[in-house]
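Engineer: First the structure, which I've put down as structure tokens, then a few questions once you've had a look.
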Amino acid sequence: MKFYLYTLLLIVLYNSKAMAQAEEKKWELNGYVKGLQATSFTDLDSITTNSLLHNRLNFRWYPSDSWKVGIEVRNRLFVGDQITANPLLTGIEDDGIIDLSANIVEKKDVLLNTTLDRFWAQWQGTSWQVTLGRQRVNWGVDRIFNPNDIFNAYSFIDFDYEERPGSDALRVQYFKDTDYTLDMAVKITDDPDELIAAALYKFNKWNYDIQLLGGIYKRDIVAGAGWAGNIRNAGLKTELSYFRNYQNFAGDSGTFISSVSVDYALPNSLYLYGAYFYNSSGANQNAIENLVSINLDVKNLSPFTHNLFAQLSYEFSAITNVAMNILYSPADNAVFINPSLNIIMGEQFDLSIISQSLFGNTNNFDLLFNTIYTRLKWNF
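If you want my numbering, it's the 1-based position in the sequence shown plus 8.
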């Protein structure tokens with residue numbers, strides 16, 4: 009049954025492209041197709057190859073000046089050794105109140121998955137905005153680690169999911185000119201252990217954008233803050249959140265996570281970024297294997313207690329960019345290295361070559377995994 013529903017939805021979305029040309033103010037459709045080739049190895053005797061064809065469709069409908077509807081579909085065709093090596097692929101499901109993910113084709117070395125990861129309706133008034141459905145509630149202010157992003161935690165290692173996860177939620181926003189914003193959201197769930205309900209208050213003071221948040225995160229009370237501004241010509245961003253179990257408040261020491269980052273762009277197109285992330289619940293050692301297999305949520309953005317992150321990027325030209333990301337944990341002597349080369353091939357095509365390597369051990373500096381990706385992206 010799911011197969012027919014998804015097939016019908018895809019047909020409607022593709023046909024809406026033609027309708028959009030006749031009624032540009034009512035309909036919009038865009039998306040992309042990406043081909044990703046991955047080669048993984050720890051030595052020359054353990055080489056594996058995998059392929060991913062990734063298609064995304066972003067559909068918008070504007071029935072009136074006040075109303076907007078969004079539907080976004082993620083289609084992925086996996087081919088290669090990863091299907092049998094990674095049991096999570098055959099059990100793909102989303103985190104919504106209704107599982108809108110389906111494996112349409114599931115064989116030993118081929119898997120086709122379709123996921124409806126955005127499906128919302130939005131009403132916009134003069135000072136109010138109300139959004140209901142599967143959406144991204146993005147409360148983070150930093151680029152890599154976001155302790156304030158309690159609804160939609162994500163891993164920076166997952167570079168191929170630019171849109172990032174969403175939640176089934178009701179979101180109400182109130183805007184008071186440029187003075188302040190009140191943002192309230194509740195995750196729709198039938199499991200009390202998964203309830204997330206919070207409010208975020210944003211305002212500007214001393215030329216800094218400041219936000220305060222509070223609410224319920226699953227079985228915890230959560231309070232947090234964040235701010236973004238500049239020190240001379242350098243950007244400064246900070247986020248922090250504290251979680252404590254409300255059923256055992258006296259006996260729980262809670263979890264404190266925080267991040268601080270500084271970035272600076274030089275006149276010669278060189279961009280520098282540095283960040284420190286602290287997780288009071290992180291392991292002091294032997295946590296390195298959990299960096300890529302982590303059961304991600306906002307309280308566990310990294311398995312390490314102390315995390316140092318650095319990024320350097322440089323634009324050789326308007327179409328060519330190189331970057332180097334490095335994550336280091338001193339307790340585990342762990343280093344994650346992520347260089348990339350990005351080339352814009354015209355208005356619709358991008359080519360990227362990306363490498364991800366993890367080194368480390370408490371006693372030795374070993375190569376634990378290495379993957380080289382080649383990705384070609386077509387935007388439409």
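No residue lacks a Cβ here, since even glycine has one placed at the ideal position from N, Cα and C. Remember, predicted model here, so these are calculated numbers, not experimental data.
1. Return the CA-CA distance between Asn253 and Phe324, expressed in angstroms with no decimal places.
2. What are the partner residues of Lys42, as DSSP defines its beta bridges?
3. Beta strand (DSSP E) containing Asn212: first to last residue?
4. Using the C-alpha atoms, what's the distance from Lys34 back to Val268?
5. Looking at the strands, I want to know which residues DSSP matches up with Ile196.
6. Where do the N-terminal and C-terminal ends of the beta strand (DSSP E) with Phe367 fall, by residue?
7. Taking Cβ positions, are Gly39 and Leu384 nearer each other than 7 Å?
8. Return the chain-ordered list of same chain residues with a C-beta closer than 6 Å to the C-beta of Thr189, the five sequence neighbours on each side being excluded.
9. Mind reading off the beta-carbon distance from Ala318 to Tyr281? Whole number of angstroms is fine, and I expect it under 8 Å.
10. Can you tell me the Cα-Cα spacing of Thr139 and Val149, whole angstroms?
11. Quick check on Asp201: does DSSP put it in helix, strand or coil?
12. So, with DSSP's three-state summary, where would you put Ile91?
13. With DSSP collapsed to three states, give me the class of Lys245.
14. State buried or exposed for Val145, treating a residue as buried only when at least 16 other CB atoms are found within 10 Å of its CB.
15. Within its chain, find whatever has a CB closer than 6 Å to the CB of Tyr279; leave out the 5 residues flanking it on each side and keep chain order.
16. Let me know the secondary structure DSSP gives Leu376 once reduced to three states.
17. Using CA atoms only, rank isn't needed, just tell me which of Tyr169, Ser365, Ala326, Ala331 is closest to Leu349.
18. To the nearest angstrom, how far is the alpha carbon of Lys195 from that of Asp157?
19. Sort Leu376, Phe388, Asn387 by Cα distance to Asp51 and report the nearest one.
20. Quick one: what does DSSP say Leu16 is sitting in, helix, strand or coil?
21. What's the gap between the Cα of Ala30 and the Cα of Phe167?
22. What does a CB cutoff of less than 8 Å around Gln255 pick up in its chain, not counting 5 residues either side in sequence?
23. With distances taken from CA atoms, which of Lys116, Asp125, Leu119 is nearest Asp107?
24. How many Å lie between Ser249 and Ala129 at the Cα?
25. How close, in whole Å, do the beta carbons of Ile380 and Ser363 come, if the pair is a contact with beta carbons under 8 Å?
26. Return the chain-ordered list of same chain residues with a C-beta closer than 8 Å to the C-beta of Phe127, the five sequence neighbours on each side being excluded.
27. Identify, in the order they occur along the chain, each residue of the same chain with its Cβ nearer than 6 Å to the Cβ of Asn387, setting aside the five sequence neighbours on each side.
28. What is the residue span of the beta strand (DSSP E) that Trp128 lies within?
29. Are the beta-carbon atoms of Ile361 and Ile345 separated by less than 7 Å?
30. Where does Asn308 sit, in a helix, a strand or coil, going by DSSP?
31. Using the Cα positions of Trp136 and Arg179, report the straight-line distance between them to the nearest angstrom.
32. Got a sec? Which residues, its chain only, sit under 6 Å from Asn66 by beta carbon, not counting five neighbours each side?
33. Where Asn341 and Ala242 are concerned, what is the direct C-alpha to C-alpha distance, given to the nearest angstrom?
34. Give the C-beta separation of Leu221 and Ala205 to the nearest angstrom, bearing in mind that I take them to be a contact with Cβ-Cβ under 8 Å.
35. Suppose you measure from the CA of Phe264 to the CA of Tyr70; what does that come to, to the nearest Å?
36. Over what stretch of residues does the beta strand (DSSP E) that includes Lys184 continue unbroken?
Structural biologist: Looking at the coordinates:
1. Here residue 253 refers to the residue found at position 245 of the sequence shown. Here residue 324 refers to the residue found at position 316 of the sequence shown. Asn253 and Phe324: Cα-Cα distance of roughly 50 Å.
2. Taking the sequence shown and counting its residues from 1, the one referred to as residue 42 is at position 34. DSSP lists His62, Lys385 as partners of Lys42.
3. To locate residue 212, count along the sequence shown from 1; it is residue 204. First-last of the beta strand (DSSP E) with Asn212: 204 to 213.
4. Position 260 of the sequence shown, counted from the start, is the residue given in the question as residue 268. Position 26 of the sequence shown, counted from the start, is the residue given in the question as residue 34. Approximately 42 Å between the Cα atoms of the pair.
5. For the purposes of this step, residue 196 is taken as residue 188 along the sequence shown, with counting starting at 1. Paired residue(s): none; Ile196 is not in a bridge.
6. The residue given as residue 367 occupies position 359 in the sequence shown. Unbroken beta strand (DSSP E) run through Phe367: 357 to 368.
7. Position 31 of the sequence shown, counted from the first residue, corresponds to residue 39. Position 376 of the sequence shown, counted from the first residue, corresponds to residue 384. Against a cut-off of 7 Å, the Cβ pair of Leu384 and Gly39 comes out as no contact.
8. Sequence index remark: in the sequence shown, residue 189 carries index 181 (1-based). Only Phe183, Lys210 meet the Cβ criterion.
9. Residue 318 sits at position 310 when you count from the first residue of the sequence shown. Residue 281 sits at position 273 when you count from the first residue of the sequence shown. Yes, Ala318 and Tyr281 are in contact; Cβ-Cβ is about 7 Å, under 8 Å.
10. Counted from its first residue, the sequence shown places residue 139 at position 131. Counted from its first residue, the sequence shown places residue 149 at position 141. Thr139 and Val149: Cα-Cα distance of roughly 21 Å.
11. What you label residue 201 is simply residue 193 of the sequence shown in a count that begins at 1. Correct three-state label for Asp201: helix.
12. Indexing the sequence shown from 1 puts residue 91 at position 83. Of the three classes helix, strand and coil, the one that applies to Ile91 here is helix, per DSSP.
13. Counting from 1 along the sequence shown, the entry for residue 245 is found at position 237. Three-state result, Lys245: strand.
14. On the sequence shown, position 137 is the one that residue 145 refers to. So Val145 ends up on the buried side.
15. As a working mapping, residue 279 is identified with position 271 in the sequence shown. Correct list, in chain order: Ala273, Ser321.
16. What you label residue 376 is simply residue 368 of the sequence shown in a count that begins at 1. Looking at Leu376 - three-state DSSP - the assignment turns out to be strand.
17. Translated into positions along the sequence shown, residue 349 becomes position 341. Checking every option, the nearest Cα to that of Leu349 belongs to Ala331.
18. One-based indexing of the sequence shown puts residue 195 at position 187. One-based indexing of the sequence shown puts residue 157 at position 149. Going from the Cα of Lys195 to the Cα of Asp157 covers about 13 Å.
19. Looking up residue 51 in the sequence shown gives position 43. It is Leu376 whose Cα lies nearest to the Cα of Asp51.
20. Translated into the one-based positions of the sequence shown, residue 16 becomes position 8. In this prediction, Leu16 has a pLDDT of 44, which is less than 50 and means its spatial position is unreliable; what the coordinates show is noted afterwards. Leu16: helix per DSSP, three-state reduction.
21. One-based indexing of the sequence shown puts residue 30 at position 22. One-based indexing of the sequence shown puts residue 167 at position 159. Note that Ala30 scores a pLDDT of 47, beneath 50, so its modelled location is shaky and nothing firm can be said.
22. Against the sequence shown, residue 255 aligns to sequence position 247. Taken in chain order, the residues that qualify are Arg227.
23. On the sequence shown, position 99 is the one that residue 107 refers to. When each option's Cα is compared against that of Asp107, the closest is Asp125.
24. Looking up residue 249 in the sequence shown gives position 241. Looking up residue 129 in the sequence shown gives position 121. C-alpha separation (whole angstroms): 30 Å.
25. For the purposes of this step, residue 380 is taken as residue 372 along the sequence shown, with counting starting at 1. For the purposes of this step, residue 363 is taken as residue 355 along the sequence shown, with counting starting at 1. 5 Å between Cβ atoms; contact.
26. Taking the sequence shown and counting its residues from 1, one reaches residue 127 at position 119. Closer than 8 Å at the Cβ level, and outside the excluded window around Phe127, lie Gly78, Ile79, Glu80, Leu108, Gly141, Arg142.
27. Residue mapping note: residue 387 aligns to position 379 of the sequence shown, counting from 1. Here the set comprises Tyr40, Gln356.
28. Counting from one through the sequence shown, the residue named residue 128 turns up at place 120. Taken as a continuous stretch (DSSP letters only), the beta strand (DSSP E) holding Trp128 covers 118 to 132.
29. Position 353 of the sequence shown, counted from the first residue, corresponds to residue 361. Position 337 of the sequence shown, counted from the first residue, corresponds to residue 345. Not closer than 7 Å, so no.
30. Residue mapping note: residue 308 aligns to position 300 of the sequence shown, counting from 1. It is helical.
31. Taking the first residue of the sequence shown as 1, we reach residue 136 at position 128. Taking the first residue of the sequence shown as 1, we reach residue 179 at position 171. So the alpha carbons of these two residues sit roughly 11 Å apart.
32. Working through the sequence shown from its first residue, we reach residue 66 at position 58. Asn38, Gly39, Glu80.
33. Within the sequence shown, numbered from 1, the residue matching residue 341 stands at position 333. Within the sequence shown, numbered from 1, the residue matching residue 242 stands at position 234. Cα to Cα, Asn341 sits roughly 29 Å from Ala242.
34. For the purposes of this step, residue 221 is identified with residue 213 of the sequence shown, where counting begins at 1. For the purposes of this step, residue 205 is identified with residue 197 of the sequence shown, where counting begins at 1. Between Ala205 and Leu221 the Cβ distance is about 11 Å, and since that is not below 8 Å, they are no contact.
35. Taking the first residue of the sequence shown as 1, we reach residue 264 at position 256. Taking the first residue of the sequence shown as 1, we reach residue 70 at position 62. Each residue's alpha carbon lies about 42 Å from the other.
36. The residue given as residue 184 occupies position 176 in the sequence shown. It spans 175 to 184 - the beta strand (DSSP E) in which Lys184 sits, taken as one unbroken run.
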